[in-house]
Amino acid sequence: MPIVRALIVLSLSALALAAPAKAQQGNYAIRPGDTLRVEVLEDESLNRNLLVLPDGRVSVPMAGPIPAAGRTVTEVQRSIATALAGSFALAPTVYVGINALAETPEQGFEPLTVYVLGEANAPGMIAVRPDTTVLQLFAQAGGFTNFAALKRIQLRRTDPATGTETIYKLNYKDIQAGRSPNGLVRLVDGDVIVVPQRRLFE
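Right, here's the structure in full:
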């Protein structure tokens, strides 16, 4: 067990070195769009990258929504450990680090801000050019993990005038095979792509 603990500490130390310098400071205030790396020593199935959503929270399995924006990684770490405590016989050992900062838009165009959540290789808030399509966004998000439910991807779009959210279902396998035109759908500001985890035997 001490060896496992040492390996996790080492991996998060490497993560801190890879993050921008300002994020390595203990007083860095987390922002919406940042991506946090969360690791739980007692249950590696909870280890994952989590996007800080526009409302400032991260969604942690078994813990629920945890406030993150405006707080330090140490504060978020404590909150997650407290929220998870009821699910373990002993207090869980939780580590939180900055995996990536919110992207800074390129110069020369008015970007759209979209979000990719779930089983993408590079989830997070992404600034894209106008006219970017769903398929192009998949590429910018680095494709999908081996656990992605590729037939149940969602595009969530909110009408700014009414606040009504519409959910569109996307089947990446059909898009990839040319059986669906949905990959050519152009994104609008605030779109959220959700890539769920596939079920057993799916």
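The sequence shown runs 1 to 202 under my numbering. All residues carry an ideal CB built from backbone N, CA and C; glycine is no exception.
Asked, Found
"I need the straight-line Cα distance from Leu170 to Ile98, nearest angstrom please.", "30 Å"
"Please list, in chain order, all residues of the same chain as Ser180 whose beta carbon is under 7 Å from its beta carbon, the five residues on each side excluded.", "Asn171 and Asp174"
"Spatial neighbours of Thr133 within its chain, please: CB distance less than 8 Å, with the 5 preceding and 5 following residues excluded, ordered by chain position.", "Gly183, Leu184, Val185, Arg186 and Leu187"
"Quick check: what's the CA-CA separation for Glu44 versus Gln136?", "32 Å"
"Pick helix, strand or coil for Glu165, following the three-state DSSP scheme.", "strand"
"Quick one, which of Arg57, Leu41, Glu39 and Glu42 has its alpha-carbon nearest Ile203's?", "Nothing about residue 203 can be read from this structure; the chain reaches only from 1 to 202."
"From Tyr95 to Arg37, what does the alpha carbon distance come to, in whole angstroms?", "8 Å"
"By how many angstroms is the C-alpha of Thr166 removed from the C-alpha of Gly178?", "24 Å"
"Enumerated in chain order, which unbroken segments of the alpha helix (DSSP H) with a length of 4 residues or greater are wholly contained in the stretch 18-69?", "21-24"
"Checking the sheet assignment: what are the DSSP bridge partners for Arg179?", "DSSP output for Arg179 lists no bridge partner at all."
"According to the neighbour-count rule (16 or more other Cβ atoms, all chains shown, within 10 Å of its Cβ), is Leu39 buried or exposed?", "Note that residue 39 corresponds to Glu in the displayed sequence, not to Leu. Buried, by the Cβ-count rule."
"Pop quiz: Arg156 and Val194 are said to be a contact at Cβ under 8 Å. What is the actual Cβ separation, rounded to whole angstroms?", "6 Å"
"To the nearest angstrom, how far is the alpha carbon of Pro160 from that of Ile126?", "19 Å"
"For the ligand GTP, any of its heavy atoms closer than 7 Å to the Cβ of Pro54?", "In the structure shown, the ligand GTP is absent, as is every other ligand, since no ligand is present at all."
"Taking all protein chains shown into account, decide if Ala14 is buried (16 or more other Cβ within 10 angstroms of its Cβ) or exposed.", "Confidence at Ala14 is low in this model, with a pLDDT of 42, below 50, so the placement of that residue should be treated as unreliable; the coordinate-derived value is given next. With fewer than 16 Cβ atoms within 10 Å of its Cβ, Ala14 is classed as exposed."
"Is DSSP giving Phe147 helix, strand or coil here?", "coil"
"Return the CA-CA distance between Leu150 and Ala120, expressed in angstroms with no decimal places.", "10 Å"
"Whose CA, out of Leu101, Arg71 and Arg129, lies closest to the CA of Leu112?", "Arg129"
"In whole angstroms, give me the CA-to-CA distance for Asp191 and Leu117.", "11 Å"
"What's the gap between the Cα of Ser87 and the Cα of Gly142?", "33 Å"
"Quick one: what does DSSP say Thr132 is sitting in, helix, strand or coil?", "coil"
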